[in-house]
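Going down the list, the protein sequences come from chains A and B. Residue 173 in the numbering used here sits at position 173 of the first sequence; the count goes up by one each step and never skips. Residue 218 in the numbering used here sits at position 31 of the second sequence; the count goes up by one each step and never skips. The beta carbon of each residue, even a glycine, is placed where N, CA and C say it ideally should be. Structure first, then comments.
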Amino acid sequence: MQDSNFFLKALANGNSRIIGLMYSQFFPKVKRFVLDNKGQTTDAEDVFQQALLQLSVRYKAKPFEIKGAFEGYFFTVCKNLWRRELKRQKKWVTNAKVVELVDENVDAAEALLMQKRWELMQHFYEQLSANCNKVLKLYFEKVPFAKIVMLMEYSSESVARQRVFKCKKKLIKIIKQDKRFEQLKEL
Amino acid sequence: MIVDKNLELIARYFRDEMTIKEKEGFKQKLAKDETLKAMFEEEKMLFAIFSEENRQEEEKTLYTKLFASQDTNNLKNAIAKASKEYHKKTKFQVRQRKMIYTWSAVAAVVLLFVTLNFYQRNNNSLDSIYNEAYTKTSLPQVISRSNDKEDLHNIPVLFGQQKYNNILKVLNETSLRSATAYIYKGMSYLALGKEENALAVFEKFTKTDLIDAPKGHWFKLLVYLKANKKQNAKKEAQYIVKNKLYNYKEAKKVLAALD
Numbered sequence: 001m002q003d004s005n006f007f008l009k010a011l012a013n014g015n016s017r018i019i020g021l022m023y024s025q026f027f028p029k030v031k032r033f034v035l036d037n038k039g040q041t042t043d044a045e046d047v048f049q050q051a052l053l054q055l056s057v058r059y060k061a062k063p064f065e066i067k068g069a070f071e072g073y074f075f076t077v078c079k080n081l082w083r084r085e086l087k088r089q090k091k092w093v094t095n096a097k098v099v100e101l102v103d104e105n106v107d108a109a110e111a112l113l114m115q116k117r118w119e120l121m122q123h124f125y126e127q128l129s130a131n132c133n134k135v136l137k138l139y140f141e142k143v144p145f146a147k148i149v150m151l152m153e154y155s156s157e158s159v160a161r162q163r164v165f166k167c168k169k170k171l172i173k174i175i176k177q178d179k180r181f182e183q184l185k186e187l
Numbered sequence: 188m189i190v191d192k193n194l195e196l197i198a199r200y201f202r203d204e205m206t207i208k209e210k211e212g213f214k215q216k217l218a219k220d221e222t223l224k225a226m227f228e229e230e231k232m233l234f235a236i237f238s239e240e241n242r243q244e245e246e247k248t249l250y251t252k253l254f255a256s257q258d259t260n261n262l263k264n265a266i267a268k269a270s271k272e273y274h275k276k277t278k279f280q281v282r283q284r285k286m287i288y289t290w291s292a293v294a295a296v297v298l299l300f301v302t303l304n305f306y307q308r309n310n311n312s313l314d315s316i317y318n319e320a321y322t323k324t325s326l327p328q329v330i331s332r333s334n335d336k337e338d339l340h341n342i343p344v345l346f347g348q349q350k351y352n353n354i355l356k357v358l359n360e361t362s363l364r365s366a367t368a369y370i371y372k373g374m375s376y377l378a379l380g381k382e383e384n385a386l387a388v389f390e391k392f393t394k395t396d397l398i399d400a401p402k403g404h405w406f407k408l409l410v411y412l413k414a415n416k417k418q419n420a421k422k423e424a425q426y427i428v429k430n431k432l433y434n435y436k437e438a439k440k441v442l443a444a445l446d
């Protein structure tokens with residue numbers, strides 16, 4: 001098994017031989033995921049290539065290390081890209097308005113930021129209880145408290161608010177203990 | 188627990204639950220109240236991480252530039268090249284796999300056909316040899332003069348009626364040792380598809396001191412033919428021919444047919 005950084009470096013150097021290797025090793029799984037989730041082979045190809053570009057840009061902006069297997073990490077990036085695309089398609093279908101076309105580089109940058117944020121969120125959410133995890137996700141998605149009461153089966157909005165603030169307190173504590181805290185304050 | 192009023196206000200602000208007027212009032216309060224400001228910053232950070240809204244404009248600009256750079260364009264070309272190679276290879280592999288599947292299927296069908304044909308021919312030929320040999324076999328019509336048991340007299344009749352189990356029941360209950368008894372017992376087993384039992388009976392028959400014991404070889408030959416044991420049938424037929432035993436002329440024909 002290749003070292004995770006072996007692939008990152010190959011991407012940063014634009015090594016087409018190693019990219020070919022990545023195709024044969026990782027593409028079939030990505031394709032299966034996209035096909036199983038309302039996509040076509042061309043969508044899988046787009047997602048796969050976007051993921052490769054994203055990792056390269058991220059590595060160039062600031063070299064980083066992947067803990068664990070590269071394949072698992074890469075697959076998560078692809079999954080998030082495809083989910084983002086599906087969400088966008090859903091918006092296109094539901095919005096009658098003409099959607100302004102976004103520059104592909106800006107779009108790719110946004111996707112990268114989303115991926116980074118997703119990783120950070122996962123890191124913090126993993127340290128919370130399942131209940132806190134769920135209620136906070138609803139809170140940050142700006143779901144009205146009345147709906148949170150219903151979804152979480154709380155007795156009242158007041159209980160929901162208390163629960164949110166309690167969980168948020170825990171979350172802040174976790175974040176403050178994190179070594180990345182100073183960086184996060186800049187956000 | 189009572190939720191802090193400031194926390195309530197901050198949450199309402201970030202979750203877009205305030206009116207424009209409320210927002211104005213909140214901002215004025217924020218400018219004056221340090222505690223509120225600290226709490227506000229914390230919430231801002233939380234929303235930056237956990238809310239869908241992206242406030243990381245600087246980082247976004249950096250990434251946008253990198254995505255638009257010449258390096259990324261070069262990488263795009265390298266990816267396109269790798270993709271082309273990969274799909275070319277995959278298509279070739281799929282085509283190859285399809286060809287292997289097709290040819291495997293054709294080969295399987297041919298093999299199946301040849302096997303069935305061979306088996307059928309083999310089967311048919313041994314079956315027909317058996318049938319021919321069986322017609323040349325004379326089964327005794329009288330069981331024994333020394334035994335007065337009515338049932339025993341009926342055995343040839345029962346055999347004609349294909350009541351093989353009845354025959355076996357009668358013969359297994361007696362200690363009768365005669366060529367006729369051995370022959371009907373063995374032939375009944377054979378008719379029931381119990382070739383091993385039939386063979387054991389005829390084997391025993393050949394080893395008795397009965398005058399007709401050598402006949403047992405001919406019946407063994409019948410068993411081998413019926414059981415499709417070509418090599419054994421051949422050996423048995425050769426033995427009969429060589430020793431000029433019962434039906435040796437017929438055994439010669441069997442041998443010729445087996446060859």
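Flagged as an interface residue toward chain A: glutamate 246/B, by a C-beta distance shorter than 8 Å. Residues Ala424, Ile427 and Val428 of the same chain have their beta carbon placed closer than 6 Å to that of alanine 438/B, with the five preceding and five following residues left out of the count. In this structure, DSSP gives aspartate 36/A a helical state, which the three-state scheme calls helix. For glutamate 45/A, the neighbours in chain B by C-beta distance under 9 Å run, in chain order, Ser270 and His274. The three-state reading of DSSP puts threonine 42/A in helix, counting H, G and I together. Under the Cβ distance rule, asparagine 261/B counts among the residues neighbouring chain A, one pair being separated by less than 8 Å. Just so you know, the alpha carbons of alanine 218/B and isoleucine 207/B end up roughly 17 Å apart. At a cut-off of 8 Å, the C-beta of glutamine 49/A has a neighbouring C-beta in chain B. CA-to-CA, the gap between leucine 194/B and valine 47/A works out to about 41 Å. Phenylalanine 254/B and alanine 10/A do not touch by the CB rule: their CB atoms are close to 19 Å apart, not below 8 Å. Relative to alanine 414/B, the option among Lys402/B, Gln280/B, Asn384/B and Thr393/B whose CA is nearest is Asn384/B.
Against chain A, the CB of alanine 265/B has a partner CB under 8 Å away; the residue lies at that interface. When the five nearest sequence neighbours on each side are left out, the beta carbons in the same chain lying within less than 6 Å of the beta carbon of tyrosine 435/B are those of Ile427 and Val428, in order along the chain.
In this structure, DSSP gives glutamine 349/B a state outside helix and strand, which the three-state scheme calls coil. Sixteen is the threshold: since fewer than 16 other Cβ atoms of the shown chains lie within 10 Å of the Cβ of methionine 150/A, the residue is exposed. Classified as buried, tryptophan 405/B has 16 or more neighbouring CB atoms from the shown chains inside 10 Å of its CB. The criterion of a C-beta distance shorter than 8 Å is not satisfied by valine 143/A and valine 164/A. Contacts with chain A (Cβ-Cβ distance below 9 Å) from the region 211-240 of chain B involve Glu228, Glu229, Glu230, Lys231, Met232, Leu233, Phe234, Ala235, Ile236, Phe237, Ser238 and Glu239, listed in chain order. Leucine 445/B places its beta carbon less than 8 Å from that of lysine 421/B. Residues of the same chain with a CB within less than 7 Å of the CB of leucine 196/B, apart from the 5 flanking positions on each side, are Phe213 in chain order.
In this structure, the CA atom of lysine 62/A is about 28 Å from the CA atom of lysine 87/A.
Counting only runs of at least 3 residues, the region 130-181 of chain A fully encloses no beta strand (DSSP E) element at all. Identification of residues in the region 71-89 of chain A having a C-beta nearer than 8 Å to some C-beta of chain B yields an empty set.
For the 8 Å CB-CB criterion, proline 327/B and isoleucine 354/B do not form a contact. Contact note: isoleucine 172/A reaches chain B through Glu229 and Leu233, using a C-beta cutoff of 8 Å and chain order. Residue burial annotation: valine 357/B is buried, with at least 16 other C-beta atoms found within 10 angstroms of its C-beta. For the C-beta of alanine 130/A, not a single chain B residue is nearer than 7 Å; the gap to the nearest is close to 16 Å. In the structure shown, tyrosine 433/B adopts coil according to DSSP, grouped into three states.
Remark: C-beta atoms of glycine 14/A and leucine 262/B approach each other more closely than 8 Å.
Contact note: tyrosine 154/A does not reach chain B at a C-beta cutoff of 9 Å; the least C-beta distance is about 14 Å. Under the 8 Å criterion on CB atoms, asparagine 133/A is classed as non-interfacial with respect to chain B.
At a C-beta separation below 7 Å, threonine 251/B has these neighbours in chain A: Asn105, Val106 and Ala109.
Residue-level contact check: lysine 31/A does not touch chain B, since none of the beta carbons of chain B fall below 8 Å from its beta carbon. Secondary structure note for isoleucine 66/A: it is in no alpha helix (DSSP H), with a DSSP letter that is neither H nor E. Annotated three-state conformation of threonine 324/B is coil, per DSSP.
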